[in-house]
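Here is the structure we will look at, set down as structure tokens.
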Amino acid sequence: MDTFEPQIVAFCCKYCAYAAADLAGSMRLSYPPNVKIVQLPCTGRVDIFHLLKAIEDGADGVYVAGCLEGECHFLKGNLRARKKVEYVKRTLVELGIEPERVEMYNLSSAMGPRFAEIAREMTDRVRELGPSPVKAEAFA
Amino acid sequence: MIIGDRKSLTEILDMIKDCRSILITGCKGCVTVCNVGGLKEVQVLASSLKIARKKEGKSIAIEENLLERQCDPEYIAELADVVHRYDAVLSMACGVGPQFLAEAYPTQKFFPAINTKFFGGATGHGVWEERCAGCGSCVIHNYDGLCPVSRCSKSLMNGPCGGSANGLCEISKDVVCIWDRIVKKKMEQGRLADLLTVMPAKDWSTSRDGGPRKSIREELTQ
């Protein structure tokens, strides 16, 4: 468990979280390399299936990072994404998996330090939870 | 359209507990429109079931499929070559789908993944409401387009009853009293006198009370 390095997939909106990740880089802020970023045109594009598929394929944690509520470039994409995240949390509960493995975050493109903080927060949380019970290795 | 809700994963997992391979087949008809049994829902269910099995350390092969309609034999026939490759088939259509499948392929096991609920329509994003009870003898013209059969808890032909209060039905604060709506609409349109006519008891023999129903149109039969 001491050597467990969680694999986390972050679905990031290009208008906020992805730009905040860029800013974090420009600011030379370090954050855990466990987070793999998938850029989206808006978090409204994320689907329940994408989040489940990440879990199914062995991600230990998944999060969606969108604009601050009320600030979505497409008005409601981030609110819709939150509902999808909540659906996936309910699905995980039904399957006996910790719902904390999936989360929704909101931030702006100016919040580089917050992006790094979220990456650390999620990595620490998932490290605490341990490997996903559906990991391919566990399955094999 | 026909509205349904997906069964819980617990119930579905129990149905397929002895299966090592399944086919999940959706329907492009009503259940696609009410977001319960279309392509996306088939994908989500397949992924959820795979997660559940992986968590238990067991494998399951799941094939995803979508039929044009599961209430027409010609589309059911499209599965002829593949249906026996699996331990069971999960249908995400309304209750008609698994039955048509079972009739077409009597040696295969078919499970319903959907609880079929009612005939209705969307009143908002993600919200569907009952509008028709399929009583077989439509009377909504007598009630200005508002159906007391499907929308009154007691299906009263002459209402409202004493359980109507503040426009709501006594069974729940979430249920609108349709008779309150009917009376208000008649008043707005100056046709309240219509309600002085006592409607006769409804003939329920055209509904489920008459047993399983069949509709035959001679001009179409071959």
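Heads up: the sequence lines are chains A and B, in that order.
Here my numbering is used: the first residue of the first sequence is 1, the next is one more, and so on.
Here my numbering is used: the first residue of the second sequence is 141, the next is one more, and so on.
Cβ coordinates follow ideal geometry from the N, Cα and C atoms, glycine included.
Residue range of the unbroken alpha helix (DSSP H) whose run includes residue i
i: Arg321(B); result: Ile318 to Glu328
i: Ser290(B); result: Pro288 to Arg291
i: Leu206(B); result: No alpha helix (DSSP H) contains Leu206(B), which is instead part of the beta strand (DSSP E) from Ala201 to Leu207.
i: Ala244(B); result: Val236 to Ala244
i: Leu153(B); result: Leu149 to Met155
Host beta strand (DSSP E) of residue i (start-end)
i: Asn339(B); result: The sequence shown places Met at residue 339(B), rather than the Asn named in the question. First-last for Met339(B): undefined, no H or E at that position.
i: Asp145(B); result: Ile142 to Arg146
i: Cys272(B); result: Val267 to Cys272
i: Ser161(B); result: Ser161 to Cys167
i: Glu103(A); result: Val102 to Asn106
i: Gly261(B); result: Ile254 to Gly264
i: Ala119(A); result: It is not in any beta strand (DSSP E) - Ala119(A) instead sits in the alpha helix (DSSP H) that spans Gly112 to Leu129.
i: Cys170(B); result: No beta strand (DSSP E) contains Cys170(B), which is instead part of the alpha helix (DSSP H) from Cys170 to Val173.
i: Leu230(B); result: Ala228 to Ser231
i: Ala186(B); result: Ala186(B) -> not in any beta strand (DSSP E); alpha helix (DSSP H) instead, spanning Leu179 to Lys195.
Sequence-distant residues of the same chain with beta carbon closer than 8 Å to residue i, five excluded per side
i: Leu286(B); result: Ile280, Ile318, Arg321, Ile322 and Lys325
i: Arg45(A); result: Gly77
i: Thr263(B); result: Glu269
i: Val134(A); result: Ile55, Glu56, Gly58 and Ile97
i: Val182(B); result: Ile164, Thr165, Gly166, Glu204, Asn205, Leu206 and Met232
Supposed close pair residue i, residue j - CB separation, criterion 8 Å
i: Met297(B); j: Ala341(B); result: 7 Å
i: Lys195(B); j: Ile37(A); result: Actually they are not in contact, since the Cβ atoms of Lys195(B) and Ile37(A) sit about 26 Å apart, beyond 8 Å.
i: Phe251(B); j: Ala228(B); result: 6 Å
Cβ shell of residue i (< 7 Å), same chain only, five flanking positions each side left out
i: Cys170(B); result: Met141, Ile142 and Cys234
i: Pro6(A); result: Asn34, Asp60, Gly61, Thr123, Val126 and Arg127
i: Leu308(B); result: Val315, Val316 and Cys317
i: Ile202(B); result: Ile162, Ile164, Ala186, Leu189 and Lys190
i: Val338(B); result: Asn298
i: Ser293(B); result: Cys309, Ile311 and Val315
Proximal residues to residue i (C-beta, below 6 Å), its chain only, five neighbours per side dropped
i: Glu359(B); result: none
i: Gly260(B); result: Ile143, Trp268, Glu269, Glu270 and Arg271
i: Ala140(A); result: In this prediction, Ala140(A) scores a pLDDT of 43, lower than 50, which makes its location untrustworthy; no coordinate-derived value is stated.
i: Ala244(B); result: Ile216
i: Thr346(B); result: Gly276 and Ser277
i: Tyr18(A); result: Cys12 and Gln39
Contact list for residue i against chain C, beta-carbon separation under 9 Å
i: Leu149(B); result: Looking at the structure shown, chain C is missing, and the protein chains on hand are A and B.
**Asked** Which runs of the beta strand (DSSP E) fall wholly inside the stretch 20-79 of chain A and span at least 3 residues, in chain order?
**Response** List check, beta strand (DSSP E) in window: 35-40 and 61-66.
**Message:** Across the stretch 54-65 of chain A and the stretch 119-134 of chain A, are there enough close Cβ pairs to call them in contact, namely three or more that are closer than 8 Å?
**Reply:** With the rule of 3 Cβ pairs closer than 8 Å, the stretch 54-65 of chain A counts as touching the stretch 119-134 of chain A.
**Request:** Assess, as a yes-or-no matter, whether the stretch 145-164 of chain B is touched by the stretch 115-122 of chain A under the definition of 3 or more beta carbon pairs within less than 8 Å.
**Result:** No, they do not touch.
**Message:** Closer than 8 Å is the cut-off here; do at least three beta carbon pairs connect the stretch 69-76 of chain A with the stretch 20-27 of chain A?
**Reply:** With a cut-off of 8 Å on Cβ pairs, the stretch 69-76 of chain A is not in contact with the stretch 20-27 of chain A, counting fewer than three such pairs.
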